[in-house]
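If you read the protein sequences in the order shown, they are chains A and B. All the letters of the first sequence, read from the start, carry residue numbers 1 to 351 under this note's numbering. All the letters of the second sequence, read from the start, carry residue numbers 1001 to 1351 under this note's numbering. Glycine residues also receive a C-beta, built at the ideal position from the N, C-alpha and C atoms.
Protein chains: 2
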Amino acid sequence: MTIYLDNNATTALDPRVLKAMLPLMQEEPLNPSSIHSYGRAAKAHLTFARKTISDYLNCQPSELIFTSSGSESLNTLIHGLYRGGTILTSPLEHSCILESVKRYPTKMTMPDQIESALSSNISLMVFSAVNGETGAMLDLEHIANLANYHRIPLIIDAVALLGRGPITLYPGITAMGFSGHKIHGPKGTGLIYLRSNHKLTPLISGGGQEHGLRSGTENLPGIVGLSKAIELINPSDFIHMQTMRDHLESNLDAQVNGNETSRICNVSNLSFPGVDGEVLLMQLDLAGIAASHGSACSSGGLQPSHVLTAMGYNQDRIRSSVRLSLSRITTQSDIDHTLEFFKNLFANNST
Amino acid sequence: MTIYLDNNATTALDPRVLKAMLPLMQEEPLNPSSIHSYGRAAKAHLTFARKTISDYLNCQPSELIFTSSGSESLNTLIHGLYRGGTILTSPLEHSCILESVKRYPTKMTMPDQIESALSSNISLMVFSAVNGETGAMLDLEHIANLANYHRIPLIIDAVALLGRGPITLYPGITAMGFSGHKIHGPKGTGLIYLRSNHKLTPLISGGGQEHGLRSGTENLPGIVGLSKAIELINPSDFIHMQTMRDHLESNLDAQVNGNETSRICNVSNLSFPGVDGEVLLMQLDLAGIAASHGSACSSGGLQPSHVLTAMGYNQDRIRSSVRLSLSRITTQSDIDHTLEFFKNLFANNST
């Protein structure tokens, strides 16, 4: 038995997504840029996928750019929209944002202090709608209004929001970055929403695919899979995840990190006072429960989370924290087994 | 019946590649950066794929960087290796090179005049091993020796070489860019070979995957598929393709574009004097034969090929040209049917 509670690192591919992708991997060689019948068939698939997603996001199909990952989406947006001046962002962002803004003058603020951090030299804002490690949510409408009022382009990292909560493209939002594999979609897929009146310098140039904004032969199976994964997003799953998450938290004697603001439905970042988080993760792993320390990046989980550190938690609390992240396929039984694990663990520890 | 002769645009996925990918799309959620058992399993797949490819290319596993496309690979190499000075390249390159070098001082030369074009301000060279439109081959050993002698980093676009001819990483070659979908591998996959003593500024930064050189959660099914596609490359297929191609050309009354130098085994860029290439492509398409005008890019094939133009062919010859590109699954019957098509076409035209 294995219980997977690391869905903010990656999710299992939905079998219905795979089913949608398979015909595109089994039959003809499809390149949407080719002018022969195969090429036209490929183009039709591409157009349909784009339309499906634009219907979900309530935007124009031409406002969508397919990429290979959330990281590529955010890198593209930051480098492609930056036009001088200072970028306003937060120390809580994903490393793909923090590493990208390093190239430019940057001012850091906590997400709840954006309004007071705004000054005349701010030319671009980059914030995550949902923090991937804690699930803490940005007041997106408020920040979008600020961006609109001050006429500052606003990039939203929506990787941890898509598939976990509703998305509204408030007028102040210039662009959003998304990832496929976090929503039971295919790995190697990402997406950009870019409001139509904004110019973007492409990160990858060449054949001029994606309206000239992202070159390279389209990953058609991936695009169709991503479109299917988005089509499968169902608000009733948000309620299911929240019910599971709340059931978990209400039966555990743990401190909830990021609980100061609203949180998305699927994340539980928990501190167990006196427990070593690394050891706990190993015990969870041995018990067949996959969890994590925070963001999965190539350095592993050995450094203390930069997110929890920036939130001001002390090192003891950070060291005793683990992230459990649920998905729509997480079951009541998964949660009950996890609760059983913790019950046994603390029973053994206290003897 | 459909005959696919546009394999330099994209190829059909090999069923054995799909078979290698499927387990990674059906089972666990695999993120090689996660430290739990799923993560470790993912890491093992990644390591094995990298080793398989490094064995084929005869390089170190650490010299390989997985990307999402040939275009991303070449964009990454050009922007990531450029350190000032002038780039030497040719007007025959793929648009992903020509668009990328636009950002820097650039000197253009024909590939057979590289030696005389070298001057003290050249700091980086970018050339394709094989021209994708004509199949014309670079004298790679000679150029690599020049690069080595003059100590100028050399980037090789090997997209149209991989799977069509042997690859030797001559000491003067700094880096190579590859694509997966041109070798019966998955779309949305690319590869970089980067010699170990060279520093690269990443195009996509973030979580630090791929030795910090290409961030974003690894596209594990894609990587495993690419590795399988490379494992399946068989030199006997080069001979098969050349035999088919030569059979085609020797039975057609056409001028062969790019025949001035050695050509790779699978490309036939043919001019039929007095024929309109666009019309011919449509007739081929109606007859169930997929071919192209040249490089498939989002602009379609409506502009005259920049490659044939730069090679000095006159507009009449360019307008009357089509590219037939074979793969290892092209059969004698495919070629015979194609010859039959041309025979009927010219019989009808001359009546």
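If you measure from the beta carbon of Ser299 (chain A) to each beta carbon in chain B, is any gap under 8 angstroms?
Residue placement at Ser299 (chain A) cannot be trusted, given a pLDDT of 47 that sits under 50; what the coordinates show is reported in the next sentence. With 8 angstroms as the cut-off, Ser299 (chain A) counts as an interface residue toward chain B.
In the DSSP output, what is Thr106 (chain A) paired with across the bridge?
A:Ile87
Any C-beta of chain A sitting closer than 8 angstroms to the C-beta of His1240 (chain B)?
no
If we ignore side chains and look at the alpha-carbon of each, how far apart do Asp1334 (chain B) and Met1244 (chain B) end up?
9 angstroms
Can you pull the DSSP bridge partners for Thr1067 (chain B)?
DSSP output for Thr1067 (chain B) lists B:Gly1190 as bridge partner(s).
If you count every other CB in all the chains shown that lies within 10 Å of the CB of Tyr1149 (chain B), and 16 or more means buried, which is it?
exposed
At what residues does the beta strand (DSSP E) containing Phe127 (chain A) begin and finish?
Ile122 to Ser128
In angstroms, rounded to a whole number, what distance separates the CA positions of His36 (chain A) and Asp139 (chain A)?
48 angstroms
Below 9 angstroms on C-beta distance, what does Asp1006 (chain B) contact in chain A?
Pro29, Asn31, Ser34, His36, Tyr38 and Gly39
Would you say Met25 (chain A) lies against chain B (beta-carbon separation less than 8 angstroms)?
Yes, Met25 (chain A) counts as interfacial toward chain B.
Is Asn1145 (chain B) helix, strand or coil by DSSP?
helix
Short Cβ contact (8 angstroms threshold) for Val307 (chain A) with Ala49 (chain A):
Taking a C-beta distance under 8 angstroms as the contact criterion, Val307 (chain A) and Ala49 (chain A) do not qualify as a contact pair.
Please report the Cβ distance between Phe272 (chain A) and Ala290 (chain A), rounded to the nearest whole angstrom; I am assuming they are in contact, meaning their Cβ atoms lie under 8 angstroms.
Actually they are not in contact, since the Cβ atoms of Phe272 (chain A) and Ala290 (chain A) sit about 17 angstroms apart, beyond 8 angstroms.
Under 8 angstroms between beta-carbons, which chain B residues line up against Gly163 (chain A)? List them in chain order, please.
Simply none; closest approach about 14 angstroms.
Tell me the rounded alpha-carbon separation between Leu1194 (chain B) and Leu1124 (chain B).
14 angstroms
Pairing CB atoms from the segment 1110-1130 of chain B with CB atoms from the segment 1082-1093 of chain B, are three or more of them under 8 angstroms?
yes
Rounded to the nearest angstrom, how far is the Cβ of Asp6 (chain A) from that of Ser1034 (chain B), given a contact under 8 angstroms?
6 angstroms
For Asn1269 (chain B), list the residues DSSP reports as bridge partners.
According to DSSP, which records beta bridges pairwise, Asn1269 (chain B) is partnered with B:Arg1323.
Assign Leu1038 (chain B) to one of three DSSP states: helix, strand, or coil.
Here residue 1038 (chain B) turns out to be Tyr, not Leu, going by the sequence shown. Tyr1038 (chain B): helix per DSSP, three-state reduction.
Mind pulling the chain B residues with CB within less than 9 angstroms of Ser227 (chain A)?
Result: empty, since nearest Cβ-Cβ is about 14 angstroms, beyond 9 angstroms.
Return the Cβ separation of Ser1361 (chain B) and Phe1238 (chain B) in integer angstroms, given the expectation that the two are a contact with Cβ distance under 8 angstroms.
Outside the modelled stretch of chain B, which goes from 1001 to 1351, sits residue 1361 (chain B), for which no answer is possible.
Report the CB separation of Gly222 (chain A) from Ser215 (chain A) in whole angstroms; it is logged as a contact under 8 angstroms.
Their Cβ separation, rounded to whole angstroms, is 16 angstroms, which puts Gly222 (chain A) and Ser215 (chain A) out of contact at 8 angstroms.
With 8 angstroms as the limit, tell me which residues of the segment 1070-1081 of chain B have their beta carbon closer than that to any beta carbon of chain A; keep them in chain order.
Gly1070, Ser1071, Glu1072, Leu1074 and Asn1075
Straight-line gap, Tyr1038 (chain B) to Leu1064 (chain B) (C-alpha atoms, nearest Å):
23 angstroms
Tell me which same chain residues have a C-beta within less than 7 angstroms of the C-beta of Lys228 (chain A), skipping the five on either side of it?
Arg16, Val17 and Ala20
Compute the Euclidean distance between the alpha carbons of Arg103 (chain A) and Leu1200 (chain B), then round it to the nearest angstrom.
15 angstroms
Ala310 (chain A): contacting residues in chain B (beta-carbon distance under 7 angstroms)
Ordered by position in chain B, no residue passes the 7 angstroms Cβ test against Ala310 (chain A), which lies about 17 angstroms from the chain.
Taking any Cβ of chain B, which residues in the segment 192-208 of chain A have a Cβ under 7 angstroms from it, in chain order?
Of all residues in the segment 192-208 of chain A, Leu203, Ile204, Ser205, Gly206, Gly207 and Gly208 have a Cβ within less than 7 angstroms of some Cβ in chain B.
Chain B contact for Glu99 (chain A) (CB, 8 angstroms cutoff)
yes
Report all residues from its chain with a CB closer than 7 angstroms to the CB of Pro1166 (chain B); omit the five preceding and five following residues, and keep chain order.
Pro1235
Determine whether the Cβ of Ser128 (chain A) lies closer than 8 angstroms to any Cβ atom of chain B.
no
Taking the alpha-carbon of Val1101 (chain B) as reference, which of B:Ser1120, B:Thr1109, B:Asn1075 and B:Leu1092 has the nearest alpha-carbon?
B:Asn1075
Run through chain A and tell me which residues come within less than 8 angstroms of Gly1292 (chain B), C-beta to C-beta.
The question names Gly, yet the displayed sequence has Ser at residue 1292 (chain B). What Ser1292 (chain B) touches in chain A: Ser34, Ile35 and His36.
Where in the segment 1153-1234 of chain B do unbroken runs of the alpha helix (DSSP H), each at least 4 residues long, occur, reported from the N-terminal end onward?
1220-1231
Looking at the strands, I want to know which residues DSSP matches up with Arg263 (chain A).
A:Ala136
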